[in-house]
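Okay, structure first, notes after.
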Amino acid sequence: MARASETAAVGAPGRARVWPRDVRDLGQTYGAAAALALLVLYNAVFTDRFLTTDSIYVNLTQVAPIVIVALGMTLVIATGGIDLSVGSLMAIAGALAPLIFLSDLPFGVAVAFVVPVLVTGAFGLFNGVLITRFGFQPIIATLVLFIAGRGIAQVVTNGELQPFRNPAFQYIGLGRVLGVPVQVLLMLAIFAVMAWAVRTTRFGRQVLAIGGNEAAARLAGVPVNRVKLAVYGVSGLLAGVAGLIVIAINSSSDANQVGLNLELAAIAAVAVGGTPLTGGRATVVGTLIGALILQLLRFTLLSHGVPDAVALVVQAAIIVAAVFLQRQRQT
Amino acid sequence: MTATGPLLHMEGISKAFPGVRALEEASLTVGRGEVHAVMGQNGAGKSTLIKILTGAYRRDAGTVTLDGQPVDFHSPQQAQAGGVSTIYQEVNLVGFRSVAENIFLGREPRRLGLIDRRRMHAEARRLLERLGVQVDVSRPLGSINVALQQMVAIARAISFESRLVVMDEPTSSLDEAEVATLFGVIRQLKAEGVSVIFVSHRLDEVYAICDRVTIMRDGRTVDDRALADVSRLELVARMLGKDLAEVRRSGATGFTDATHHAERRLLEARGLRGAGRTLEHADVAVRAGEIVGLAGLLGSGRTELARAIFGADPVEAGELEVDGRPVRFGSPADAIRAGIGLAPEDRKTEGIVPEMSVRENLTLALLPAISRYGVVDRRRQQEVVDRFLRRLDIKTTGPDQKIRELSGGNQQKVLLARWLCLDPRLLLLDEPTRGIDVGAKGEIQTLINELADNGLGVLMISSELEELVEGSDRVVVLRDGRTVAELPHEAITEDAIMAAMAEGPATGGGERDGG
Amino acid sequence: MATTSAPARSVTRARLAGLVQGQGALVALALLVLFGALRYDNFLSSYNVTSFLANNAKFGLIALGMTFVIMTGGIDLSVGAVAALASVVAAMVSDRGLVAGIAVPVLVGVVIGLVNGSLVAWGRLQPFIVTLAMLLAARGLALTVAGNQSVAVDFESGFTALGTTTLLTLAAPIWIFAVAYLLGVLVLGRTPFSRHVLAIGDNEETARLMGLRVERVKLLVYALSGALAGMAGVLLAAQYGAGQPAEGVGWELTAIAAVVVGGTLLTGGFGSVVGTLWGVLLLGLIFNVLNFENGRGVISLSPYWQSIVLGGFLLVVVLLQNRLAARQT
Chain A
2 MARASETAAV GAPGRARVWP RDVRDLGQTY GAAAALALLV LYNAVFTDRF LTTDSIYVNL
62 TQVAPIVIVA LGMTLVIATG GIDLSVGSLM AIAGALAPLI FLSDLPFGVA VAFVVPVLVT
122 GAFGLFNGVL ITRFGFQPII ATLVLFIAGR GIAQVVTNGE LQPFRNPAFQ YIGLGRVLGV
182 PVQVLLMLAI FAVMAWAVRT TRFGRQVLAI GGNEAAARLA GVPVNRVKLA VYGVSGLLAG
242 VAGLIVIAIN SSSDANQVGL NLELAAIAAV AVGGTPLTGG RATVVGTLIG ALILQLLRFT
302 LLSHGVPDAV ALVVQAAIIV AAVFLQRQRQ T
Chain B
10 MTATGPLLHM EGISKAFPGV RALEEASLTV GRGEVHAVMG QNGAGKSTLI KILTGAYRRD
70 AGTVTLDGQP VDFHSPQQAQ AGGVSTIYQE VNLVGFRSVA ENIFLGREPR RLGLIDRRRM
130 HAEARRLLER LGVQVDVSRP LGSINVALQQ MVAIARAISF ESRLVVMDEP TSSLDEAEVA
190 TLFGVIRQLK AEGVSVIFVS HRLDEVYAIC DRVTIMRDGR TVDDRALADV SRLELVARML
250 GKDLAEVRRS GATGFTDATH HAERRLLEAR GLRGAGRTLE HADVAVRAGE IVGLAGLLGS
310 GRTELARAIF GADPVEAGEL EVDGRPVRFG SPADAIRAGI GLAPEDRKTE GIVPEMSVRE
370 NLTLALLPAI SRYGVVDRRR QQEVVDRFLR RLDIKTTGPD QKIRELSGGN QQKVLLARWL
430 CLDPRLLLLD EPTRGIDVGA KGEIQTLINE LADNGLGVLM ISSELEELVE GSDRVVVLRD
490 GRTVAELPHE AITEDAIMAA MAEGPATGGG ERDGG
Chain C
7 MATTSAPARS VTRARLAGLV QGQGALVALA LLVLFGALRY DNFLSSYNVT SFLANNAKFG
67 LIALGMTFVI MTGGIDLSVG AVAALASVVA AMVSDRGLVA GIAVPVLVGV VIGLVNGSLV
127 AWGRLQPFIV TLAMLLAARG LALTVAGNQS VAVDFESGFT ALGTTTLLTL AAPIWIFAVA
187 YLLGVLVLGR TPFSRHVLAI GDNEETARLM GLRVERVKLL VYALSGALAG MAGVLLAAQY
247 GAGQPAEGVG WELTAIAAVV VGGTLLTGGF GSVVGTLWGV LLLGLIFNVL NFENGRGVIS
307 LSPYWQSIVL GGFLLVVVLL QNRLAARQT
């Protein structure tokens, strides 16, 4: 075995390995989880009424759209890409749904769930086509819809706030099943599917292989373009779902506001969770934990009277610290 | 300050990485104006020793004296300032920038804080002329060929007034003519009293250019000899730590001499032309159970031919038949479905997915076959992985080890296993033993041989004539993107291949000349 | 013999692409100007031209800094938020006079740039994440310092002169814009610094082995970007008469779009300052033309169409660039 391990050591000049790999992997997986546990513990002790279902559900419902978008983003980032368009796609879904269920279409509510999500999914595929067929860099390809997408949502709604009351539609944001908010269940379901898919499916491995070495994946017969298309499509679909949840909670759709800066929040969650922006690795659990950390951090600061603006600064520090610690572990 | 003794003397050098002792009491002595080879298998410690010399690593113990003075370089920059320059395996220069800028990057001649372009160009020209190289110094470096780029790297090195130039596998991406130019420059350096350390796997080159050789094995220096006093066989034997007699018996490669019984025709390519100009009109046929060697200089279209057959690059003209039926592969996935596999030349950039485990790398192409409704059958995956780890004797700590942690030879075995587990009918192997230590090289050659015995068709690209001669049942030679010769088994000799590579008759249209 | 190695091919390709891209933006700009000049009466009036340039000066400064960051293979997402923070700081110190009103916010930008640069260079963190975090932090700081509202500039101190003074009929922001790009062209064309920037963007490891001080160059590049974003904030405060803590949202992405349209490779190693200038003017002109079109009263495009047109335009330009670059090789 001496030979193999020597090459490894030679491959990492100057940086001595402090921990055996297993321990470091543990650290990587559980470091973020430990931070989350600490945050929960702190709040349990110092924040009034934190450990009540109400307070827990408030946090979970707030974080659900971010988690859902961030799960799609995790896949995109695992292929070595990025999707800046998700916030704008949320606005598009949010703009379309009220138009549908406020009209007198038959099965309006059902259509209002399906069509906007399909539309954003199609926009996601459009991103994918620009990247796979026309050779756009992901950041530029998705910048197009980042800019134009919100404009589309604004044009569709003429930039006006669309208030509504539609219990059937708003079930996705306000309903409860056995006392648990629907969007929390939806988030957990999407999370479970995604975690399962990355771990056990062919698709998941192909995503990681593409992010790890695209040329090698292609030569091994991985349908690179199709996988990338799928990844951006999924990201678009999930952005649509998140958009619907947000407008359902708000009882209104505001194309100027829905999903604003959400792409950045999602990318931050992915990064804090331990998926490197360079691709090739993905931790779906990490993304959930990363989003929860950022959410709970903000909650903690706000509930202790720290202004929102200051909370932003603390969040920034946490993002940098998390990425810094992960970098230490990876090398 | 003495002008007598050796230029460089490294003594008792030890270096441990966590869990491994990379060097134990190694030594290296290089005389003035001497071209000194350092040889050893992968993992023998030669690159660690070189990196300690050039300041990339720090030593745990030992002394280094340069020109009689003890030195301890902390970084490549310090070593450079101290007169030790390194030319790396891959040309380490900046492709977008001009030749002159590359030579002076970091030390640009300035006037009033701005770059003095006229002086920079003049000095760059002067340096290159000293090496006997003519090139337009204002051209972007990336637009000149690799050998010239290497000359530019050397010009940069001597512009630092180096007394010792370390060349780490400098010829790995050069063709024969370019190697000759490089050797000319090395002789020029030698004449000027500059010493050269030459690290290479290629025996021919070492014997052609070097004066002495330091042989390393398992982190120790096992020999330091004048090359005139040591035979090739003895050199290989010392590197392997084997008995001379044993090596003599088994030959230098893992191939046996017996020919295979070529059966039905598996693959036939006629007049293939690629998108660029590197592949113009290539013909090749492979039968089941035979190893066809594909020879040619760098740039002759060898790699491009394999990629075109495999559907990795577009084919613009020509015919491709598998089992006598015309096919055209739109992507590697199509070729894989037809039972073809390609092990690329550059393992690092096109072969391995470094961050993934041995298990996932091995089964990457097999995924469609071991998954049902898109879900991977873990049990079958494990079976396959276990079987091939054992069969190819792949040394890992387990299937979950990341592939980048394996040695080059073991990585290559995993890549071969990636195809073998698909039970293919035809393998396209592009330089299957390049950059692999002698031991693993023999194992891989033996394996290729066995596979052909069992009916697999193999198209083997190699730059090593020895490998082609001992391994191939037939050899097809390419030059400038065209098939120029086909040598039947009895006609395969190093001379014949070299003659065809250098001056074989080019075929005009579809007709192909025999060897 | 086809000795063109892979890097050679990619270099030729990149060179051609760069040429096509740089010139492409210029050609598109010329066509759009021509279109506007022929179609609208006051399009080339000195009022329209000067107000257009003065308004775009701040975007120009940001895009200039971004060009150098991108040439190292990095990215700076924090610039919009830094400009907002700088505008607040400028407003707050504006009672100390013009010099302080410029120097202090620019210094703030430099400090933020140095933090970004240190984390990227020595912390070895990805620029995208570092500057994303800095975007949040700078925004948070701006809002905190400003108390969540805009901060009025002191109108007695002479700071507002920056927005109103003209020299040879051109407003001060235009001069700043012009001087910045002149210096940018000089720096890119003639200084060792720019060679090192490009070398690092082309191949960082190589640059390191060649003895370049990679970390220091990166630090400088992010500091430069921070300084220019700070200056953009100064102009913002001077032109609006107030520090705007909530302004600058998305400026970073528009700047990136301008840089890319201008032909600088997002992967680093190749870039054009002049191209960025054309890119900035081109993107700005689209809004200008749309305004004129609305002004004619024939059609009425809601302002929301602007972003759709801009996105579509970015799409078409990059598409054409990719196409042309592919055909040329």
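Chains as they are written, first to last, in this note's numbering: chain A, 2 to 332; chain B, 10 to 524; chain C, 7 to 335.
No residue lacks a Cβ here, since even glycine has one placed at the ideal position from N, Cα and C.
So residue i and residue j are in contact, right, with Cβ under 8 Å, and what is the actual spacing, rounded?
i: Ile445(B); j: Ala304(B); result: Ile445(B) to Ala304(B), Cβ: 19 Å. No contact.
i: Pro99(A); j: Ser254(A); result: 5 Å
i: Asn214(A); j: Pro363(B); result: 7 Å
i: Val286(C); j: Ala69(C); result: 5 Å
i: Thr442(B); j: Glu476(B); result: 7 Å
I want to see whether chain A comes within less than 8 Å of residue i, judged by CB atoms only; does it?
i: Gln312(C); result: yes
i: Leu373(B); result: yes
i: Arg229(B); result: no
i: Ile361(B); result: yes
i: Glu369(B); result: yes
i: Val266(C); result: yes
i: Val384(B); result: yes
i: Leu326(C); result: no
Taking residue i as the reference, give the member of the options with the closest Cα.
i: Val85(C); options: Gln312(C), Leu283(C), Arg201(C) and Thr260(C); result: Thr260(C)
i: Leu47(A); options: Thr301(A), Val314(A) and Pro308(A); result: Here residue 47(A) is Phe; the residue named in the question, Leu, does not match the sequence. Residue Thr301(A) is the option with its Cα nearest to Phe47(A).
i: Leu236(B); options: Arg413(B), Glu214(B) and Leu75(B); result: Glu214(B)
i: Ala317(A); options: Arg299(A), Phe147(A), Ser236(A) and Val156(A); result: Arg299(A)
i: Gly232(C); options: Ser57(C), Val110(C), Phe49(C) and Gly71(C); result: Gly71(C)
i: Ala164(B); options: Ala133(B), Pro408(B), Gln391(B) and His45(B); result: Ala133(B)
i: Asn60(A); options: Leu103(A), Met188(A) and Leu85(A); result: Met188(A)
i: Tyr228(C); options: Val75(C), Leu37(C) and Ile262(C); result: Val75(C)
i: Ser89(A); options: Pro139(A), Val41(A), Ala231(A) and Glu264(A); result: Glu264(A)
i: Glu525(B); options: Ser156(C), Arg196(C) and Gln132(C); result: This structure leaves residue 525(B) out entirely; chain B is present only between 10 and 524.
i: Asp395(B); options: Ala374(B), Asp238(B), Val385(B) and Ala426(B); result: Ala426(B)
Are residue i and residue j closer than 8 Å when you measure CB to CB?
i: Gly151(B); j: Phe113(B); result: no
i: Pro341(B); j: Gly310(B); result: no
i: Met469(B); j: Val301(B); result: yes
i: Tyr106(C); j: Ala238(C); result: According to the sequence displayed, residue 106(C) carries Ala and not Tyr. It is not a contact, given that the beta carbons lie outside the stated cut-off.
i: Gly92(B); j: Arg41(B); result: no
i: Glu567(B); j: Glu277(B); result: Outside the displayed span of chain B (10 to 524) sits residue 567(B), for which this structure offers no information.
i: Phe298(C); j: Phe49(C); result: yes
i: Ile69(A); j: Val242(A); result: yes
i: Ala249(A); j: Gln171(A); result: yes
i: Leu297(A); j: Leu40(A); result: yes
For chain B, find out if any of its Cβ atoms is closer than 8 Å to the Cβ of residue i; answer yes or no.
i: Pro198(C); result: yes
i: Asn209(C); result: yes
i: Arg203(A); result: yes
i: Leu215(C); result: yes
i: Thr81(A); result: One point to set straight first is that residue 81(A) is Gly, not Thr, in the sequence displayed. So no, Gly81(A) is outside the interface.
Return no unless some Cβ of chain C is closer than 8 Å to the Cβ of residue i.
i: Arg119(B); result: yes
i: Pro308(A); result: yes
i: Asn335(A); result: In this structure chain A extends from 2 to 332, so residue 335(A) is not present and cannot be described.
i: Leu123(B); result: yes
i: Ile141(A); result: yes
Could you please tell me which residues of the segment 217 to 241 of chain A, in chain order, have their CB closer than 8 Å to any CB of chain B?
-> Under the 8 Å Cβ criterion, the segment 217 to 241 of chain A contributes Ala217, Ala218, Arg219, Leu220, Ala221, Gly222, Val223 and Pro224.
Chain-ordered residues of the segment 284 to 299 of chain C with a beta carbon less than 9 Å from chain A = Residues of the segment 284 to 299 of chain C that bring their beta carbon within less than 9 Å of a beta carbon in chain A are absent altogether.
For the segment 332 to 365 of chain B, enumerate the residues whose C-beta is nearer than 7 Å to any C-beta of chain A, in chain order.
-> Close to chain A, meaning a Cβ-Cβ distance shorter than 7 Å, are the following residues of the segment 332 to 365 of chain B: Pro341, Ala342, Ile345, Leu351, Pro353, Thr358, Glu359, Gly360, Ile361, Val362, Pro363, Glu364 and Met365.
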